[in-house]
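Report on the following structure.
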Amino acid sequence: MTSRTPLIAGNWKLHNTVAESQALASAIAAHVGNGLACEVVVGPVATSLSAVSQTLRGSAVGLSAQNTHWEDSGAFTGELSPTLLADVGCSHCIIGHSERRQYFGETDAGVRKKVAAVLAHKVVPIVCVGESLEQREAGKTLDVVLGQVEAATEGLDAVALAPLVVAYEPIWAIGTGRTAKAEDAQDVHRAIRGRLAELKGESWSDSIRILYGGSVKPSNADELLAEPDVDGALVGGASLSADNFIPIIDAGVRRAES
Ligand code: PGA
Numbered sequence: 007m008t009s010r011t012p013l014i015a016g017n018w019k020l021h022n023t024v025a026e027s028q029a030l031a032s033a034i035a036a037h038v039g040n041g042l043a044c045e046v047v048v049g050p051v052a053t054s055l056s057a058v059s060q061t062l063r064g065s066a067v068g069l070s071a072q073n074t075h076w077e078d079s080g081a082f083t084g085e086l087s088p089t090l091l092a093d094v095g096c097s098h099c100i101i102g103h104s105e106r107r108q109y110f111g112e113t114d115a116g117v118r119k120k121v122a123a124v125l126a127h128k129v130v131p132i133v134c135v136g137e138s139l140e141q142r143e144a145g146k147t148l149d150v151v152l153g154q155v156e157a158a159t160e161g162l163d164a165v166a167l168a169p170l171v172v173a174y175e176p177i178w179a180i181g182t183g184r185t186a187k188a189e190d191a192q193d194v195h196r197a198i199r200g201r202l203a204e205l206k207g208e209s210w211s212d213s214i215r216i217l218y219g220g221s222v223k224p225s226n227a228d229e230l231l232a233e234p235d236v237d238g239a240l241v242g243g244a245s246l247s248a249d250n251f252i253p254i255i256d257a258g259v260r261r262a263e264s
């Protein structure tokens with residue numbers, strides 16, 4: 007039995023109106039109630055954060071933003087800040103998702119600043135790392151992933167980083183229906199934990215949740231979550247319906263109880 011509480015997080019990406027977001031959040035909140043043996047977080051689009059925050063009031067479901075800027079305020083048209091995320095009730099923020107790295111020019115340096123900024127506002131960073139298919143085939147998976155982990159945590163100590171969550175999401179598995187084999191995911195997760203231990207100490211790295219993401223669904227969640235270093239899941243497509251997301255939450259509960 008692991009001492010790390012599993013975490014199942016839904017990344018709704020660019021989907022759902024306010025009303026649709028609230029309906030989905032309330033179905034999930036009804037299942038989670040006052041809390042389960044695993045933590046549950048949902049990540050709506052920015053325009054739904056406020057409404058979903060109201061919907062989730064009194065439930066144990068956490069609320070995640072999908073991105074933030076690192077500055078608190080200022081002349082940054084179109085951005086959101088950690089101050090505003092905390093103000094609207096966000097407990098978590100996804101940082102450095104591969105779609106942001108690929109399409110919106112997110113860099114390791116930006117990821118690091120965002121991690122520090124959200125931690126200063128007591129918002130938990132869910133830092134995404136992962137290799138492309140080309141990088142995997144060139145045998146560079148660990149170089150890429152461990153480099154991203156190192157960059158994201160640079161300059162912060164284990165105390166500041168206590169709430170950190172890492173999500174390993176191989177880019178070739180995101181939205182493709184192609185999941186990493188559980189043992190391949192475990193190899194990368196173990197390597198991430200090993201690097202975290204080298205960087206900031208073993209007792210800290212033992213406490214850090216490392217989620218797997220990339221085509222997680224009800225049919226593969228148990229197998230992935232049976233691996234010793236897979237502490238949860240960051241779920242995209244399958245988080246958009248309660249019928250798919252709830253069985254994944256239940257797999258997280260089974261991991262917690264195993
Ligand atoms: P997917 O997305 O579950 O649709 O593959 C995961 C993610 O991008 O976080």
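For the sequence shown, the residue numbers in this note's numbering are 7 to 264.
Idealized CB from N, CA, C, for every residue including glycine.
From a predicted model like this one, the values you see are computed outputs, not experimental measurements.
- Judged by the Cβ position, His21 fails to qualify as a neighbour of the ligand PGA at the 8 Å threshold, every heavy atom of the ligand being at least this far.
- Take the alpha-carbon of Ala57 and the one of Gly95: they are about 10 Å apart.
- The shortest C-alpha to C-alpha distance from Leu240 to any of Ala197, Trp178, Glu140, Val171 is the one to Val171.
- Partner residues in the beta bridge of Leu69, as assigned by DSSP, are Val48.
- Spanning the alpha carbons of Lys206 and Trp18 requires a straight line of approximately 32 Å.
- By the Cβ criterion, the region 110 to 128 is not in contact with the region 179 to 195, since fewer than three pairs of Cβ atoms, one from each stretch, lie closer than 8 Å.
- When only Cα atoms are considered, Gly39 and Phe82 end up about 38 Å apart.
- In the displayed model, Ile216 falls within a strand according to three-state DSSP.
- In the DSSP annotation of this structure, the continuous segment of the beta strand (DSSP E) that includes Asn17 starts and ends at 13 to 17.
- Put simply, the backbone Cα of His21 is about 29 Å away from that of Arg142.
- Annotation: Gln28 to Ala144 spans about 43 Å, alpha carbon to alpha carbon.
- C-alpha of Ala35 to C-alpha of Gly183: approximately 27 Å in a straight line.
- Here Pro12 really is in contact with Ala262; their C-beta atoms are around 5 Å apart, less than 8 Å.
- Secondary structure of His127 (DSSP, three-state): coil.
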